[in-house]
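A.B. asks: One point on numbering: in UniProt numbering, the residue at position 73 of the sequence shown is 73, and numbering is uninterrupted.
Cβ atoms here follow ideal geometry from the backbone N, Cα and C, with glycine treated the same way.
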Amino acid sequence: MQATAILPSIRLSEQKGRLVANQIRGLKVATAIELLTFSPKKGAAIILKLLETAIANAEHNEGADIDELHISEIMVDRGTYLKRLSTRAKGRGNRIMKPTCRILLTISD
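1) Can you tell which of 84, 16 and 50 has its C-alpha closest to the C-alpha of residue 93?
2) Use the C-beta contact count for residue 105: other C-beta atoms within 10 angstroms, 16 or more gives buried, fewer gives exposed.
3) Assign residue 109 to one of three DSSP states: helix, strand, or coil.
4) Tell me the residue span of the alpha helix (DSSP H) that contains residue 17.
5) Compute the beta-carbon to beta-carbon distance between residue 103 and residue 7, rounded to the nearest angstrom, for a pair I have assumed lies under 8 Å.
6) Measure the CB-CB distance between residue 82 and residue 43 and report whether it falls below 8 Å.
7) Mind checking who residue 73 pairs with in its DSSP beta bridge?
8) For residue 63, name the three-state secondary structure that DSSP assigns.
9) For a test of the three-state rule: what should DSSP assign to residue 49, helix, strand or coil?
10) Start and end of the beta strand (DSSP E) containing residue 3?
11) Could you check whether residue 51 and residue 32 sit closer than 8 Å to each other, using their CB atoms as the reference points?
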């Protein structure tokens, strides 16, 4: 039994998202929730919401027992960049690249 949750475009760099994802990969769901709740990183709150969504998917769609679930796969991939312009002197402009990422979370028993 597997349940998947996907967050397609979130305003977080993939490197910062992977820091949090590597901490919870392979853990039991209850342990991962505790770790993400008390983590000070921005990506922890985002991945916590995604984990709760995956748990709800497993419980509702598959009828899974929450105590037996663990994180089998979590991938953080690079998404598109939000391109912004910062004005500079003499009519020039600098490009500001704001990264996004795509997070895929799979839990299984």
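C.D. replies: Here's the rundown:
1) 84
2) buried
3) Looking at residue 109 - three-state DSSP - the assignment turns out to be coil, as it is neither helix nor strand.
4) 14-24
5) 4 Å
6) no
7) 106
8) Reduced to three states, the DSSP call for residue 63 is coil.
9) helix
10) Per DSSP, residue 3 belongs to the beta strand (DSSP E) from 2-10.
11) yes
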